[in-house]
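Taking mature numbering (1 follows the signal peptide of the UniProt record, and there is no 0), I'd label the letters of the sequence shown as residues -25 to -1, 1 to 478. Structure, as structure tokens:
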Amino acid sequence: MKFVSKLLGGAALFCAVAGTTAAFAADLRIGLQDDPDVLDPHRARTFVGRIVFTSMCDKLFDINEKLEIQPQLAREWNWSEDRKTLHVKLRNDAKFHDDTPITAADVKANLERAKSLPDSLRKSEVASIESVDAIDATTLDIKVKSPDASLLSQLADRAGMILSPKAFTDGDFGQNPICSGPYKFVSRVQNDRIVLEKYAGYWDAANYKFDKVTFLPIQDTTVRFANLRSGSLDLIERIASSDIEAAKSDNKLAFYPVTGTGYQALTINLKKGDKDSFPIGHDKRIRQALELSIDRNAINEVVGQGVFTPAYQPFPPSSFAYDKKFETSTRDVEKAKALLAEAGVERVSFEIAYGNNSTSQQVYELIQAMASETGFDISLRPTEFAALQSALKENAFEVGQSGWSGRADPDGNIHQHVTCEGNLNDAKYCNEKVDELLNKARGISDQAERKALYDEVQVILADEMPIVYLYYQPWPFAARADLKGFTAYPDGMIRLKGVSLGG
């Protein structure tokens, strides 16, 4: 209770400060669940970072609310007959925030940086790209090693965000990002706020109504909602399920539910210790026992209030790769105990590191209690979200919260997470057959053929269990009732085109 009281005290302070510096009518204040990590799309890995990038960094492509590919910096595109060259024609009126025009050479430099930067997390997303040729100022050819059905989807996210090559060559881009979107970077105070201002030279500036956009990380969902109700925030992402009815019944607020394309899961570090010091990482039977200990329906009912749809696979029901036959597991304490006995252990201890927000705390405390009945002694380590991402990246964890916001193409929900060299393969899982199947799926355009390959992969993953999927991530938003023109997208991004306050 002391912890909650401290947070609520902080909320009151935030409300008071926000009230004394109330934004101009053309300002927007957005409450985020976490603080983003580095503000460099090639090196970043947080969901909330993607929200900030959506306002700051244009991509070659975007998606609409139906997850269909749309033009952004690329105004025209087509594949060659052999599907090994993507011909792209750029807008001729797009600029970076330093007022220099965006050219095909700049796009080439960005894609090459995504492939070659030592700590790039986009490498596996653009691994199929063999070369990029700038034909003229606004025309380029992207050549792939073999047909890649997922590439347009990847270039509609961080891998396709176009940054100023001068900025990433001359210094630390993450500290002073110069991008290409409707809003440009002004300042950042870690764990406090990120401030953007409207870029007057943006090619579609007339459709962006706010002079300033401020992102404020507030980890406690109840506190975040309280700040919205008090008027200190205008829009919040990931409203707590327990606050949904209050949002619906408040005539000063609007509630925007949307089913996401991503998931929440537990990732198990398969390279931690050995079979004696960390048995869960070295015996799949123990991982299977953990999975059987978890009642996903209880998580949905107790924490999710019905919006945490149980997940048993990386593909949401909206994906062509989804298959209901993999949703066969139910909580089975006796079977879990039998698997532990078969593995030669009675009780297994490990630590779960998770993002320090109230929703995650409830989920993992519930898992801790359920797994204890089976034979698991779980300790919990709440961690500031950006620090958690660093721990996962650096393999400095035992079992970790793994949240993925999802992609329009199923490849984006699985390839880089479980292939041997995948940039987001935090489990350090490696199975050559899985790599072979997933790489093959990338090269096929027929959805039925691709799904058959994903089914084969899912059979393997369900047996070896490097990741335990928990629930599909919903993206419920709440906002002031006078926020006009806002649409909630399945990818959870906040797109501000045509959005305004009042009037």
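Where is the CB? At the ideal position from N, CA and C, for every residue including glycine. Please read all numbers here as calculations on a predicted model, not as lab measurements.
In this structure the region 415 to 428 does not touch the region 359 to 376; the number of beta carbon pairs closer than 8 Å is below three. DSSP, reduced to helix, strand and coil, places Leu115 within a strand of the structure shown. By the neighbour-count criterion, in which a residue is buried when 16 or more other Cβ atoms sit within 10 angstroms of its Cβ, Pro451 is buried. Short of 7 Å from the beta carbon of Thr334, and not among the five residues preceding or following it, lie these beta carbons of its own chain, in chain order: Thr196, Ala215, Val278. Listed in chain order, the alpha helix (DSSP H) runs fully inside the region 253 to 281 are 259 to 268, counting runs of at least 4 residues. Shortest Cα-Cα distance from Leu245 to any of Asp74, Tyr446, Ala402 involves Ala402.
Under DSSP, Lys159 takes part in a beta bridge, and its partners are Glu172.
In the three-state scheme derived from DSSP, where H, G and I count as helix and E and B as strand, Met345 is classed as helix. Judged by their CB atoms, Gln376 and Tyr329 are nearer to each other than the 8 Å cut-off. Tyr339 sits in a helix when the DSSP states are folded into three classes. For Asn275 and Lys59, the gap between their C-alpha atoms comes out near 44 Å. Residue environment analysis places Cys32 among the buried positions, since at least 16 neighbouring C-beta atoms fall within 10 angstroms of its C-beta.
Excluding five sequence positions before and after Arg66, the CB atoms of its chain that fall closer than 7 Å to its own CB belong to Leu48, Arg50, Trp178, given in chain order. Leu399 is not a Cβ neighbour of Arg18, given a cutoff of 8 Å. Classified as exposed, Lys120 has fewer than 16 neighbouring CB atoms from the shown chains inside 10 Å of its CB.
Of all C-beta pairs linking the region 217 to 236 to the region 252 to 268, fewer than three are shorter than 8 Å, placing the two stretches out of contact. Between the region 150 to 159 and the region 92 to 107, the count of Cβ pairs shorter than 8 Å is below three; the stretches do not touch. The beta carbon of Asp307 lies closer than 8 Å to those of Leu267 in the same chain, with the five residues before and after it left out. In the DSSP assignment, His62 falls within the unbroken beta strand (DSSP E) covering 60 to 65. Contact between Phe301 and Gln433 holds, with the beta-carbon distance rounding to 5 Å and staying under 8 Å. Beta-bridge partners of Met136 (DSSP): Lys34. Following the DSSP letters along the chain, one finds Arg356 inside the beta strand (DSSP E) bounded by residues 351 to 358. Between the region 173 to 191 and the region 2 to 9, the count of Cβ pairs shorter than 8 Å is three or higher; the stretches touch.
Spatial neighbours of Lys408 in its own chain (CB-CB distance under 6 Å, excluding positions within 5 residues in sequence) are not present. Per DSSP, the unbroken beta strand (DSSP E) holding Leu7 starts and ends at 2 to 7. At a cut-off of 4 residues, the continuous stretches assigned as alpha helix (DSSP H) that sit fully inside the region 169 to 242 are 196 to 205, 219 to 224. Apart from sequence neighbours up to five positions away, the residues of its chain that approach Asp249 with a beta-carbon distance below 7 Å are His257, ordered along the chain.
For Glu51, the enclosing beta strand (DSSP E) covers residues 49 to 54. Distance from the Cα of Leu42 is smallest, within the candidate group Tyr447, Glu348, Ser293, for Ser293.
In this structure, the alpha-carbon of Ala89 lies about 19 Å from that of Pro122. For Val443, the enclosing beta strand (DSSP E) stretches over residues 442 to 449. Membership of Val393 in the alpha helix (DSSP H) is indicated by the continuous run 390 to 393. The beta carbon of Val474 lies closer than 6 Å to those of Gly460, Phe461 in the same chain, with the five residues before and after it left out. For Glu40, the closest alpha carbon among the candidates Leu471, Gly477, Ala463, Lys472 is that of Ala463. Residue range 374 to 379 is occupied by the beta strand (DSSP E) that includes Gln376, with no alpha helix (DSSP H) assigned at that position. By the neighbour-count criterion, in which a residue is buried when 16 or more other Cβ atoms sit within 10 angstroms of its Cβ, Ala181 is exposed.
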